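Those sequence lines, one after another, are chains A and B.
For the first sequence, this note's numbering gives the first residue as 3, with consecutive numbering after it.
For the second sequence, this note's numbering gives the first residue as 3, with consecutive numbering after it.
All C-beta atoms, glycine included, are put in the ideal place defined by N, C-alpha and C.
Owing to the predicted nature of the structure, the values given are computational and were not obtained by experimental measurement.
Protein chains: 2
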Amino acid sequence: MAGRPREFDEDEVLERALGVFWEHGYAATSLTDLLEATGLAKGSLYKAFGDKRQLFLAALDRYLEKGRTSLDLAAAAGSPKQTLRTWLTNAMSMATCTGVRRGCFGVNCTIELAPHDEELRERLRKQTRGLEQIYTRLIAAGIDAGEFREGLDPAAAARWLTTMIDGLQVRGKLGLTKAAAQETVDLTLSALE
Amino acid sequence: MAGRPREFDEDEVLERALGVFWEHGYAATSLTDLLEATGLAKGSLYKAFGDKRQLFLAALDRYLEKGRTSLDLAAAAGSPKQTLRTWLTNAMSMATCTGVRRGCFGVNCTIELAPHDEELRERLRKQTRGLEQIYTRLIAAGIDAGEFREGLDPAAAARWLTTMIDGLQVRGKLGLTKAAAQETVDLTLSALE
DNA sequence: AGCATTCGAGACCGAACGGTCAACAATTAA
DNA sequence: TTAATTGTTGACCGTTCGGTCTCGAATGCT
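Set out below in structure tokens:
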């Protein structure tokens, strides 16, 4: 027996909540901020999502899943090297978007919350492992295709690559020109050849 | 005409405050946390340091200056390549200290506060430029000494190197074994050769 | 129509927040 | 000894925090 129907779209609310958390971080985001951004009343938000933390986790999950499938798709087409370059450029523009400086939400969460939140840390670790697997396959394919050098350990190189991407997200927060970021990306890719 | 003398050591208080900010971040650190850590009464802390933000900035300045002089000293002795390796190992152990996962305080601040705090962003940028200068000199010296390859642009390589170090600090928050970190450091250094 | 159920709005809650202030204590200069 | 100055203390301030609860509105089932 169904009661009164929801007046909001759950996905849209999550998207807006994600935007606020992304911009201000978890601790600096107040319930009031979230209510303003989503247009919901307090009671509605709590009934639908539980509490602040659960809402946050739901938004994070959305974000992580999107990132994961997005990389999966990108990895499916094109030569390994070109795919990698495209994806690093993608990460780069995330880092160099100077207007907002939001960076990568995953990195932000890692810095702010991972040390003290076991559950969150596990999710972020899982995501990292997942992305690294894709990178590993890409690099292995690149080696087979003769695009990358022979001696490379694909898994180690993948960890190394994702670490560099995380670094780029940090640097973007201080303001990074596209040129400087491109230079770093080029140096990184050339180290694989 | 001097009044009643301070009952606390200013440096020691800054050190303890730094510890709290480092562990929990700015927003998640309450005045109460700071009072407990320092042993000061509210009024004393406010009279001595102004407010929460000013105390934070003072602690940050201490941290940045220490890091800077520390790298300066390390850069003064030994071969460039060996110095770099030593320093990366240093950064690595900061990242892999699993007990606390505090990472690098500068990186933490960059992620949490730089996007919305112009003044802080400028300080962190200045620090980054300073460190990069030292790395640039080290790399240039390494090229002269034949330890690094000829074609390298020292400044670009320095930016690239510091970006990688920042990435290591992020990864450390998720838990990083010494072995995995060492592997990444090795890959990084070998890219310079 | 009547009832069970769910949702929306917002008043309300105790606790914690960052910050101020007045009274008292300790010091030095005169 | 007294006046001036600075530090310490803790009560106190208004605000905001995350979270709950009540009540009226909207729906489907019978």
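Just the chain A side, please: which residues come within less than 9 angstroms of residue i by C-beta, in chain order?
i: Ala170/B; result: The question names Ala, yet the displayed sequence has Leu at residue 170/B. The contacting residues are Thr165, Asp168, Gly169.
i: Leu66/B; result: Going along chain A, no residue has its Cβ under 9 angstroms from Leu66/B, so there is no contact; the nearest lies around 13 angstroms.
i: Arg103/B; result: Ala116, Pro117, His118, Arg123
Got a sec: is the Cβ-Cβ distance from residue i to anything in chain B below 7 angstroms?
i: Lys128/A; result: no
i: Thr138/A; result: no
i: Thr186/A; result: yes
i: Val22/A; result: no
i: Arg70/A; result: no
i: Val15/A; result: no
i: Ala157/A; result: no
i: Leu42/A; result: no
i: Leu33/A; result: no
i: Leu153/A; result: It should be noted that the sequence gives Gly, not Leu, for residue 153/A. No, Gly153/A does not count as interfacial toward chain B.
i: Leu189/A; result: yes
Name the chain B residues that come within less than 7 angstroms of residue i, Cβ to Cβ?
i: Leu176/A; result: Thr112, Ala116, Arg123, Leu126, Arg127, Thr130
i: Ala196/A; result: Any question about residue 196/A goes unanswered here, given that chain A covers just 3 to 195.
Using a Cβ-Cβ distance under 7 angstroms, would residue i count as near chain A?
i: Arg173/B; result: yes
i: Arg87/B; result: no
i: Leu59/B; result: no
i: Ala30/B; result: yes
i: Gly27/B; result: yes
So, are the CB atoms of residue i and residue j less than 7 angstroms apart?
i: Phe23/B; j: Ala61/B; result: yes
i: Met166/A; j: Thr130/A; result: no
i: Ala116/A; j: Leu57/A; result: no
i: Ala97/A; j: Gly174/A; result: yes
i: Glu134/A; j: Thr164/A; result: yes
i: Glu63/A; j: Val109/A; result: Checking the sequence shown, residue 63/A turns out to be Asp, not Glu. No, these two residues do not count as a Cβ contact at 7 angstroms.
Compute the Euclidean distance between the alpha carbons of residue i and residue j, then round it to the nearest angstrom.
i: Leu170/B; j: Arg70/B; result: 18 angstroms
i: Tyr137/A; j: Gly132/B; result: 33 angstroms
i: Cys99/B; j: Leu59/B; result: 25 angstroms
i: Thr186/A; j: Ser192/A; result: 10 angstroms
i: Ala29/A; j: Glu124/B; result: 23 angstroms
i: Arg8/A; j: Cys111/A; result: 30 angstroms
i: Asp146/B; j: Ala159/B; result: 15 angstroms
i: Phe51/B; j: Ser46/A; result: 43 angstroms
i: Arg6/A; j: Val15/A; result: 18 angstroms
i: Ala183/B; j: Lys49/B; result: 44 angstroms
i: Tyr65/B; j: Phe107/B; result: 8 angstroms
i: Asp119/A; j: Ala93/B; result: 23 angstroms
i: Gly80/A; j: Thr88/A; result: 10 angstroms
i: Lys68/B; j: Asp53/B; result: 23 angstroms
Which chain A residues sit within Cβ distance under 7 angstroms of residue i?
i: Ala50/B; result: Residues of chain A passing the Cβ test: none, with the nearest at roughly 25 angstroms.
Along chain B, which residues have their Cβ under 9 angstroms away from the Cβ of residue i?
i: Gly5/A; result: Going along chain B, no residue has its Cβ under 9 angstroms from Gly5/A, so there is no contact; the nearest lies around 38 angstroms.
Applying a beta-carbon distance threshold of less than 8 angstroms, which residues of chain B neighbour residue i?
i: Ala182/A; result: Arg161
Cβ contact (3+ pairs, closer than 8 angstroms) linking the segment 147 to 166 of chain A and the segment 144 to 153 of chain B | no
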